[in-house]
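**Student:** Dropping the structure in here first, questions after.
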Amino acid sequence: MRSTGVRARVTRLGVVLAAAIAGTVVGTGPAQAAQQHVTANVSPVAWLSTDSRTPNKVITSGDARVGAWRDEQGRKHVSKSYFTFDVSAYRTKTLIQVWARFPELAANDCAKRRATEVWLTAPAEHRTTWADQPRETVRLTGVPSTECLHNSPPWDATEVVRQALARGKSKVTLVVSIAEDQQDKLAFGRTYSSRYPTLEIGYNTAPQVPSKVQLGGFPRYDCGATIRDTSLQVLVWPVDEDPIPGLRSRLAVWPVDRPQDRQEFVGTGTSSGYSESFALPSALLTNGARLAVAARSEDGFAVSGWTAPCEFTVDTEAPAVLPTVASTVYTEGSVFPGVGGETVAGDFTFTANGVADVVAFTYRGNNMPMGTVPAEQPGGQATVSLTPVRAGAATLEVASVDRAGNQSAWRSYSFWVRRTAPTVDGYVVRLAEPKVFTLTANQPGAVAFTSVLDGGTPVTTPVGPDGKAQVTVTLTNADRTQHPFQAWTVDATGHRSGVADQSLYLDTLAPDASTDVWSPVVGVAIPLTFQANLPGSVSFTYRVGDSGPPTTVPAVDGHAEVSWTPETAGPTTIEVRSTNADGITSGWNQNFAVWVENAPPA
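So the sequence shown is residues -33 to -1, 1 to 569, counted in mature numbering (1 follows the signal peptide of the UniProt record, and there is no 0).
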């Protein structure tokens, strides 16, 4: 039988390798004792048992017999069981610990100590049988157990799997047997599960280079930037495909001209796909400093490579010289009647005024828009087209901005914006009476007026030779007194002037009311006199207060007299309005009031 000689030759080698394995696991690698790793359970891709009674056959069903046993006829057998595991998925992993586990189902005699052994076999040259067994090369170290049956006794397969992968092997075959000096003894035979053996592989995947290193959170800066932030945060996104805690970043920072002054900082830990933030020492972030940062991922077992250095320059000094400002349309210091116009765009040119690192200009102002414009080149100029918000005094303030975002003091540029909106010569309209307004153009080259009343349909009127035009407004609804009226002009190119925004006031021509008795008595009638202000009024409608029942009486030549008897004491308002023959109704007179006294005792 081949197994006897083979095992005898390699037993001593197996003991030596087991000792070496124990030393290697403890003494090498960057692993930390408390660091977690990924664990995977690998099932066999094949298994078989051999039997001394049928030495040229294999058994691939039922439970896995090991050692001596008797069949139902009382015949003695001796068996070994072989399990093949595919470990190719772990070729690129760092193996931390590998346990081979073979669940025990039965023991022939629990009074006997366990004599089970697990060996790595050499690749079989032929089909494995009892008569043709593969060489058993390395004996695995087991963990002692005093239990009769152990659900999953562990055998240390760490080094045999490592060496197999290192030699380019994708599979390992382990044989479970009884020690050679006991395998023929029935008392030592055992039965193992053929369905649930596993290789419990604890492994680590080396982390990858961080996916991103970012200067600043908000704002953020590109590599190569010049920054003014003296409390800079650097964000690092470490990468690791293992879904366990323990991933962290390591950040290095150094002066570009003094790499020997490199400093490194370790993060507190994060998950892959999430960032860690590092605050750079403020002592490094001094004006003129040129720094570089790089980062790597670490998981407690392995580290990635470093990212490419990301360099930046610190600049904390603002431009000391104010920018220049000039405009061909809106000249500085212009006074009334002004230049340009509230709808007229003007060019404004800003220059860095000799400051070489100015890259942009920011502007704001009274009666002016705000914004930022880049310089054509560092230390250069920029031209923007700006349109004043309205006519009148305007001030534009401009500041230079350098590469780091430092801003100079404000340069103030003042001028007067000419009015281009037309003028309207009045604002009062009497109810039902056509009112002619004269519009006067202020826009150079104006050819037409457009006017809009109460947001209605625009009306276009040509500009006369004298720059004027007339529009007629008639209001017949006295319900409200304020009516928005807008007017503007356009020139021959279609350019629009500013808008004259006028609020027209409607005189509702409410009638007058009077009486000869200003302190009437409850129950005693007094005369009331109404006089119309709306031409052609044919009736009056009056009411006591603003909610009393209305009473309508005819008007004669715009005049009426009525008798009214007060019913309650106290201040009383009598409201009245008139209506003409066209059905146009005046506004209410709400200003007529009397004080009603109680009747004296009888």
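Just so it is clear, CB atoms sit at the ideal spot from N, CA and C, and this is done for glycine as well.
Everything numeric in this text was worked out from a predicted model, so none of it was measured.
#1: Could you tell me whether the Cβ atoms of Leu87 and Val105 are closer together than 8 Å?
#2: Between the C-alpha atoms of Thr354 and Pro336, what's the straight-line distance to the nearest angstrom?
#3: First and last residue of the alpha helix (DSSP H) that includes Glu400?
#4: Give me the Cα-Cα distance between Val561 and Glu542, rounded to the nearest whole angstrom.
#5: Per DSSP, what are the beta-bridge partners of Arg263 in this structure?
#6: In angstroms with no decimal places, state the Cα-to-Cα distance between Val396 and Gln449.
#7: Kindly indicate which residue of Val128, Ala467, Pro521 and Asp421 has the alpha-carbon position closest to the one of Leu473.
#8: Could you tell me which uninterrupted beta strand (DSSP E) segments, each at least 3 residues in length, are contained entirely in the stretch 413 to 494, listed from first to last along the chain?
#9: So what does DSSP say about Phe69, is it helix, strand or coil?
#10: Does the Cβ of Gly34 have 16 or more other Cβ atoms within 10 Å, making it buried, or fewer, making it exposed?
#11: With contact counted as at least three CB pairs below 8 Å, one residue from each stretch, are the stretch 290 to 298 and the stretch 387 to 403 in contact?
#12: Does the beta-carbon distance from Glu265 to Arg217 come in below 8 Å?
#13: Quick one: what does DSSP say Gly183 is sitting in, helix, strand or coil?
#14: Is the separation between the beta-carbon of Phe245 and that of Leu258 shorter than 8 Å?
#15: Which value, in whole angstroms, describes the spacing of the CA atoms of Leu406 and Leu471?
#16: Among Val12, Gly29, Pro212 and Ala250, which residue has its Cα nearest to the Cα of Leu141?
#17: Under 8 Å: do the stretch 65 to 76 and the stretch 154 to 167 share three or more Cβ pairs, one atom per stretch?
#18: Do you know how far the Cα of Ala408 is from the Cα of Ser464?
#19: May I have the straight-line CA-CA distance separating residue 570 from Leu153, to the nearest angstrom?
#20: In or out: Ser352 buried (at least 16 other Cβ within 10 Å) or exposed?
#21: Does the Cβ-Cβ distance between Glu309 and Arg331 come in under 8 Å?
#22: Shortest alpha-carbon distance to Ala262 belongs to which of Val426, Asn333 and Ala275?
#23: Apart from the five residues just before and just after Pro568, which ones in its own chain have a Cβ nearer than 8 Å to its Cβ?
#24: Quick check: the stretch 282 to 290 against the stretch 321 to 329, are at least 3 beta-carbon pairs closer than 8 Å?
#25: Can you tell me where the alpha helix (DSSP H) holding Leu132 begins and where it ends?
#26: Going by CA-CA distance only, name the one from Cys77, Lys79, Val127 and Arg81 that's closest to Trp89.
#27: Whole-angstrom Cβ separation of Ala371 and Asn333, contact assumed at under 8 Å?
#28: Would you mind stating whether Val45 and Val9 have Cβ atoms separated by less than 8 Å?
#29: Counting C-beta neighbours from all protein chains within 10 Å, is the total for Arg42 16 or more, i.e. buried, or is it exposed?
#30: What does a CB cutoff of less than 7 Å around Ser514 pick up in its chain, not counting 5 residues either side in sequence?
#31: I need the DSSP call for Ala1, collapsed to helix, strand or coil.
#32: For Ala492 versus Thr427, is the C-beta spacing smaller than 8 Å?
#33: Please name the residue in Ala480, Arg544, Ala413 and Gln175 whose C-alpha comes closest to that of Asp207.
#34: Tell me the residue span of the beta strand (DSSP E) that contains Asp148.
**Tutor:** Checking against the coordinates, here is how it stands:
#1: Walking along the sequence shown from the start, residue 87 turns up at place 120. Walking along the sequence shown from the start, residue 105 turns up at place 138. In this structure, Val105 lies closer than 8 Å to Leu87 by Cβ.
#2: Position 387 of the sequence shown holds residue 354. Position 369 of the sequence shown holds residue 336. So the alpha carbons of these two residues sit roughly 7 Å apart.
#3: Counting from 1 along the sequence shown, the entry for residue 400 is found at position 433. Element bounds for Glu400: n/a, residue is neither H nor E.
#4: Residue mapping note: residue 561 aligns to position 594 of the sequence shown, counting from 1. Residue mapping note: residue 542 aligns to position 575 of the sequence shown, counting from 1. Using only the alpha carbons, I get a separation of about 11 Å.
#5: Taking the first residue of the sequence shown as position 1, residue 263 is located at position 296. Its beta-bridge partners are Arg217.
#6: The sequence position of residue 396 within the sequence shown is 429, counting from 1. The sequence position of residue 449 within the sequence shown is 482, counting from 1. Using only the alpha carbons, I get a separation of about 10 Å.
#7: Stepping through the sequence shown from its first residue, residue 473 is reached at position 506. Ranking Val128, Ala467, Pro521 and Asp421 by Cα distance to Leu473 puts Asp421 first.
#8: 413 to 420, 426 to 429, 435 to 440, 449 to 458, 467 to 474 and 479 to 481
#9: Counting from 1 along the sequence shown, the entry for residue 69 is found at position 102. DSSP places Phe69 in coil when its eight states are reduced to three.
#10: In the sequence shown, the residue the question calls residue 34 occupies position 67. Buried is the call here.
#11: no
#12: By one-based count along the sequence shown, residue 265 stands at place 298. By one-based count along the sequence shown, residue 217 stands at place 250. Cβ atoms of Glu265 and Arg217: closer than 8 Å.
#13: Start at 1 with the first residue of the sequence shown, and residue 183 comes out as number 216. It is coil, neither helix nor strand.
#14: For the purposes of this step, residue 245 is taken as the residue at position 278 of the sequence shown. For the purposes of this step, residue 258 is taken as the residue at position 291 of the sequence shown. Result no, Cβ atoms of Phe245 and Leu258 do not sit closer than 8 Å.
#15: For the purposes of this step, residue 406 is taken as the residue at position 439 of the sequence shown. For the purposes of this step, residue 471 is taken as the residue at position 504 of the sequence shown. Whole-angstrom Cα-Cα distance: 14 Å.
#16: Here residue 141 refers to the residue found at position 174 when the sequence shown is read from its first residue. Nearest of Val12, Gly29, Pro212 and Ala250 to Leu141, Cα basis: Val12.
#17: yes
#18: Residue mapping note: residue 464 aligns to position 497 of the sequence shown, counting from 1. Residue mapping note: residue 408 aligns to position 441 of the sequence shown, counting from 1. Cα to Cα, Ser464 sits roughly 9 Å from Ala408.
#19: Because the chain here runs from -33 to 569, residue 570 falls outside it and cannot be looked at.
#20: Numbered from 1 along the sequence shown, position 385 holds the residue referred to as residue 352. Flag for Ser352 reads exposed.
#21: Along the sequence shown, one-based indexing puts residue 309 at 342. Along the sequence shown, one-based indexing puts residue 331 at 364. It is not a contact, given that the beta carbons lie outside the stated cut-off.
#22: Along the sequence shown, one-based indexing puts residue 262 at 295. Out of Val426, Asn333 and Ala275, Ala275 has the C-alpha closest to the C-alpha of Ala262.
#23: Against the sequence shown, residue 568 aligns to sequence position 601. Contacts found: none.
#24: yes
#25: For the purposes of this step, residue 132 is taken as residue 165 along the sequence shown, with counting starting at 1. Thr125 to Ala133 is the extent of the alpha helix (DSSP H) around Leu132.
#26: For the purposes of this step, residue 89 is identified with residue 122 of the sequence shown, where counting begins at 1. The question names Trp, yet the displayed sequence has Ala at residue 89. The shortest C-alpha separation from Ala89 is found at Val127.
#27: Walking along the sequence shown from the start, residue 371 turns up at place 404. Walking along the sequence shown from the start, residue 333 turns up at place 366. At roughly 29 Å, the Cβ-Cβ gap does not stay under 8 Å, so Ala371 and Asn333 are not in contact.
#28: Taking the first residue of the sequence shown as 1, we reach residue 45 at position 78. Taking the first residue of the sequence shown as 1, we reach residue 9 at position 42. Their beta carbons are not under 8 Å apart, which means Val45 does not touch Val9 by this criterion.
#29: Translated into positions along the sequence shown, residue 42 becomes position 75. Arg42 should be labelled exposed.
#30: Translated into positions along the sequence shown, residue 514 becomes position 547. Result list for Ser514: empty, nothing under 7 Å.
#31: By one-based count along the sequence shown, residue 1 stands at place 34. Any reading at Ala1 needs caution, since the residue's pLDDT is 47, under 50, leaving its predicted position unreliable; the model's value is listed next. Of the three classes helix, strand and coil, the one that applies to Ala1 here is coil, per DSSP.
#32: Position 525 of the sequence shown, counted from the first residue, corresponds to residue 492. Position 460 of the sequence shown, counted from the first residue, corresponds to residue 427. No.
#33: As a working mapping, residue 207 is identified with position 240 in the sequence shown. Nearest of Ala480, Arg544, Ala413 and Gln175 to Asp207, Cα basis: Gln175.
#34: Working through the sequence shown from its first residue, we reach residue 148 at position 181. Counting along the chain, Asp148 falls outside any beta strand (DSSP E), and DSSP gives it neither H nor E.
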